[in-house]
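Working notes, beginning with the structure itself.
Residue numbers (my numbering), protein chains in the order written: chain C, -15 to 99; chain X, 112 to 223.
Encoded structure:
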């Protein structure tokens, strides 16, 4: 049981390049999320998918797109990378626990640098 | 106005002491509250959740919730150097049971 996995762990891009960050979970969770974390800013929600087949914008969606490929996988795409997108990206998933509440579990993160 | 506020710290305590971390939130209708621990260079790890007013204990950790005053706190008893990390407070988004808002985190340093 790996939980939430992300690839790649590190990536360096040049301005204008594109890339896709991959995320998969094996906890049979319905909901998945993409966050970015910048120093002093905490975690900010980019996009989320409440359930398979749905995606919605979070707090900072500009410059990103997402795809919920199936229940397990949720990818984040940068179409034209900019230096402002240099950050650490975390994927998370959540399911409704015994208490009826949703608890989020995080992947290991991707450190992205855009030059 | 930031919706989940935490003192950025660092909060420095000696080994064996009680560390007290605080968090305030702005929306009265929030129902779910979480504490995550994040070591430098690592991902957030859930350590406590609390949904009802009062205290919830798990080992050396106690979460306290006061909905009337809109604060949630985390106490770490017998602090160890391995507890040195950033602690993130998270609160559910009022119109969504599965979205969270995170505070910026409090950095805790436990001195040997």
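C-beta atoms are modelled at their ideal positions from N, C-alpha and C, and glycine is treated no differently.
Within the stretch 148 to 187 of chain X, the complete beta strand (DSSP E) segments at least 3 residues long are 156 to 161, 165 to 169, 172 to 177 and 182 to 187, listed from N- to C-terminus. Pairing residue 119/X with residue 149/X, the inter-Cα distance amounts to about 13 Å.
By the Cβ-count criterion, residue 159/X is buried, with 16 or more other Cβ atoms from all chains shown falling within 10 Å of its own Cβ.
Between the stretch 128 to 144 of chain X and the stretch 156 to 174 of chain X, the count of C-beta pairs closer than 8 Å reaches three or more; the two stretches touch. Residue 194/X has its alpha-carbon roughly 23 Å from the corresponding atom of residue 76/C. Between the stretch 8 to 21 of chain C and the stretch 66 to 86 of chain C, the count of Cβ pairs shorter than 8 Å is three or higher; the stretches touch. Rounded to whole angstroms, the separation of the alpha carbons of residue 174/X and residue 184/X is 6 Å.
For residue 167/X and residue 90/C, the gap between their C-alpha atoms comes out near 23 Å.
Uninterrupted beta strand (DSSP E) stretches at least 3 residues long and entirely within the stretch 8 to 70 of chain C occur at 15 to 22, 26 to 33, 48 to 52 and 58 to 62, given in chain order. Minimum Cα-Cα distance from residue 97/C among the listed residues 43/C, 3/C and 87/C corresponds to 3/C. Contact annotation for residue 92/C against chain X: 153 and 154 [CB-CB distance below 8 Å, chain order].
Flagged as an interface residue toward chain X: residue 26/C, by a C-beta distance shorter than 7 Å. When 7 Å is used as the limit between beta carbons, residue 38/C is near no residue of chain X, the shortest such separation being about 12 Å.
Residues of the same chain with a CB within less than 8 Å of the CB of residue 86/C, apart from the 5 flanking positions on each side, are 15, 78, 79 and 80 in chain order. Taking the Cβ atoms as the reference, residue 48/C lies roughly 11 Å from residue 39/C, outside the contact range of under 8 Å. The secondary-structure analysis by DSSP pairs residue 122/X across a beta bridge with 219/X.
In this structure, the straight-line span from the alpha carbon of residue 210/X to that of residue 204/X is close to 5 Å. Residue 214/X has a beta carbon lying within less than 7 Å of a beta carbon in chain C. For the 7 Å CB-CB criterion, residue 33/C and residue 52/C form a contact.
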